[in-house]
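S.K.: After the structure tokens below, expect a handful of questions from me.
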Amino acid sequence: MKGKRILLWDLPTRLFHWLLVVAVVAAVVTGQLGGNLIDWHGRIGLAIAGLLAFRIVWGMLGSTYARFPQFFPTPDKIKAYLAGRWQGEGHNPLGALSVFGLLALLIIQVATGLVGNDDIAFSGPLADLVSREISNRLTGLHHLLANVLIALVVLHVAAIAFYGHIRKQKLLKPMITGWKDDAEGESAAGGGLLALIVALLVAAAVVYGASGAWLPAPPPPPPPAATPNW
Amino acid sequence: MKSKLLLPLLALTLAGSAMAQVKPEEAIKFRQSGYGFMAWNMARIKMNVEGGNFNKEEVIKAANAIQAIANSGMGALYLPGTDKGKGWEETRAKSNIWTEQEKLGKAAMAFNKEANEMAKVAQTGDAAAVGAQLGKLGGTCKGCHDDFKAKR
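Protein chains in written order, with my numbering: chain A, 256 to 485; chain B, 988 to 1139.
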């Protein structure tokens, strides 16, 4: 049964994916190292906020296999997949679980990071919106979930290796080139220029919102001369 | 001759008993106050590095404050059993502070070293050097937080 060659992952989806890979790795590394890199950790977090916003819009307006309803893992689909009865292109139901799991986890990490603090000299750009106590609590959650995130990423990579070596399904190549050989479905359609512009605008708006640039500026520090000598 | 020896001994005894008189709740409060005050001074240095108008005197004051607290022997405030209890808020000191003394000592000494260095660098008035040293100093704060401060 020789299938045809189809476009599986559109370019924006692939760009999103690989930029997210770079950003998440950088976020984990800068978060673990700390020091002055914590400022970069904050900037990378904003970038991830933008990437996630883009992906959510693209999950509704993007091309066929990038759309969330196309691969939403219902219990029926998962059962069918585990029983070997599932057929289709794009994310399989188990992979879809991983996709939604990672997206949800990253959204929580961004949200908790934005209002968190490191108890040293760094606060998330929206930390002023919550009390210090809540900021501390959410920072604790941010730390705990970082380990869950690393575990999920390892599982994600291990699953790709498993499908490649055991199931003989090359998942990596389509995520790079966009094309899948020997496929059973149709090429991806939809997700035109207008959809792309909308997704980019939403992403830009989210980054602006997350940056806290709209918050009222803190009062200027008193001039040095006004600092008392004690 | 005898009194010359006795006086320091007496002072030591008094100091020892004075230390023992700190109640657990107070000890936790003093700890939290020390770290909170250092946090203000860390933020002050950071503001001067990032703000664009570096004020050498401000940075020196802040760095000296951190150095003073770092060298104040705060370790004495970690009374047995104070891994639980409330100071200004519930303590986040983890119980391994009392069981991994060697590791803790290393982390604390690393912090002291960088705090002393921070005070030295502040005297130079070199904004870039102060920024770099602030990063190193913050890294040693993290070194302790990662292992000995509860995440909650």
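Even glycine gets a Cβ: it sits at the ideal position worked out from N, Cα and C.
Tell me which residues share the same chain as S318(A) and place their Cβ nearer than 7 Å to its Cβ, disregarding the 5 neighbours each side in the sequence.
M.R.: D265, A443, A444, G445 and G446
S.K.: Are the region 446-462 of chain A and the region 305-321 of chain A in contact at 8 Å, needing three or more beta carbon pairs?
M.R.: yes
S.K.: Please go through the region 388-445 of chain A and give each complete beta strand (DSSP E) segment of 3 or more residues, from N-terminal end onward.
M.R.: Runs found: 434-438.
S.K.: Indicate the three-state DSSP secondary structure (helix, strand or coil) for S386(A) in the structure shown.
M.R.: coil
S.K.: With 8 Å set as the bound, which would you pick, yes or no: does the beta-carbon of C1128(B) sit closer than that to a beta-carbon of chain A?
M.R.: yes
S.K.: Could you name the residues of chain B that A382(A) contacts, counting a contact when the two beta carbons are closer than 9 Å?
M.R.: What A382(A) touches in chain B: nothing, since even the nearest Cβ is about 12 Å away.
S.K.: How is A454(A) classed by DSSP in three states: helix, strand or coil?
M.R.: helix
S.K.: Which residue comes first and which comes last in the beta strand (DSSP E) that contains L358(A)?
M.R.: Run containing L358(A): none in the beta strand (DSSP E); it sits in the alpha helix (DSSP H), P348 to L369.
S.K.: In whole angstroms, what separates the C-alpha of G1130(B) from that of M1096(B)?
M.R.: 11 Å
S.K.: Measure from the alpha carbon of T367(A) to the alpha carbon of each residue in L427(A), V385(A) and A459(A), then state which is nearest.
M.R.: V385(A)
S.K.: Taking C-beta pairs closer than 8 Å, name the residues in chain B that H296(A) reaches, listed in chain order.
M.R.: Within 8 Å Cβ-Cβ: nothing; H296(A) doesn't reach chain B, min ~12 Å.
S.K.: Is it the case that the region 1103-1122 of chain B contacts the region 1035-1052 of chain B, given that we only count it when at least three CB pairs across the two stretches are under 8 Å?
M.R.: yes
S.K.: Just to confirm my understanding: we take R260(A), look at its own chain, exclude 5 residues before and 5 after, and list those with CB closer than 8 Å. What are they?
M.R.: A distance below 8 Å between beta-carbons, with the five flanking residues on each side excluded, links R260(A) to the following residues of its chain, in chain order: W434, K435, D436, D437 and A438.
S.K.: When the Cβ atoms of the region 459-478 of chain A are set against those of the region 337-344 of chain A, are three or more pairs found closer than 8 Å?
M.R.: no
S.K.: Please state if the CB of D1070(B) and the CB of S1059(B) are separated by a distance shorter than 8 Å.
M.R.: no
S.K.: Quick one: residues in its chain with C-beta nearer than 7 Å to the C-beta of L997(B), no 5 flanking neighbours on either side, listed in chain order?
M.R.: The predicted position of L997(B) is uncertain, since its pLDDT is 49 and thus under 50; a value taken from the coordinates is nonetheless stated next. Once the five neighbours on either side are set aside, L997(B) has no close Cβ partner at all.
S.K.: Check distances from the C-beta atoms of the region 381-413 of chain A to those of chain B and list, in chain order, the residues that come in under 7 Å.
M.R.: R392, G395, H398 and L399
S.K.: Can you name, in chain order, every residue of its own chain whose Cβ lies under 6 Å from the Cβ of F1017(B), other than the five neighbours on each side?
M.R.: L1064
S.K.: Distance, Cα to Cα, D374(A) vs A282(A)?
M.R.: 18 Å
S.K.: In chain A, which residues lie less than 7 Å from A1030(B) when you measure between Cβ atoms?
M.R.: A376
S.K.: Which whole runs of the alpha helix (DSSP H) in the region 1014-1094 of chain B are 4 residues long or more, in chain order?
M.R.: 1043-1057
S.K.: Can you give me the C-alpha to C-alpha distance between W1027(B) and A458(A), rounded to a whole angstrom?
M.R.: The alpha-carbon separation between W1027(B) and A458(A) amounts to approximately 34 Å.
S.K.: If we call anything under 8 Å between Cβ atoms a contact, is G289(A) one with G1074(B)?
M.R.: no
S.K.: Considering only the alpha carbon of each residue, which of K334(A), P267(A), F326(A) and Y336(A) lies closest to L306(A)?
M.R.: P267(A)
S.K.: Helix, strand or coil: which one does DSSP assign to I375(A)?
M.R.: coil
S.K.: So, is the C-beta of N291(A) closer than 8 Å to a C-beta in chain B?
M.R.: yes
S.K.: Could you give the C-beta distance for L427(A) and L357(A), rounded to a whole number, given that I count them as a contact under 8 Å?
M.R.: Not confirmed; about 17 Å, so no contact.
S.K.: Between which two residues does the beta strand (DSSP E) holding Q260(A) run?
M.R.: It is Arg, not Gln, that sits at residue 260(A) in the sequence shown. Segment K259 to L262, the beta strand (DSSP E) holding R260(A).
S.K.: Please state whether DSSP places K1107(B) in a helix, a strand or coil.
M.R.: helix
S.K.: Restricting to Cα atoms, I'd like to know which of P348(A), Q325(A) and R322(A) is closest to I333(A).
M.R.: When each option's Cα is compared against that of I333(A), the closest is P348(A).
S.K.: Is there a C-beta anywhere in chain A that falls below 8 Å from the one on A1116(B)?
M.R.: no
S.K.: Can you confirm whether A1026(B), when its beta carbon is compared against all beta carbons of chain A, has any partner nearer than 8 Å?
M.R.: yes
S.K.: With burial defined as no fewer than 16 other Cβ atoms inside 10 Å of the residue's Cβ, what is the status of M256(A): buried or exposed?
M.R.: Its pLDDT being 47, under 50, M256(A) is placed unreliably by the model, and nothing is read from it.
S.K.: What's the gap between the Cα of W1085(B) and the Cα of K1136(B)?
M.R.: 12 Å
S.K.: Determine the burial state of F309(A): buried for a count of at least 16 other Cβ atoms within 10 Å of its Cβ, exposed for fewer.
M.R.: buried
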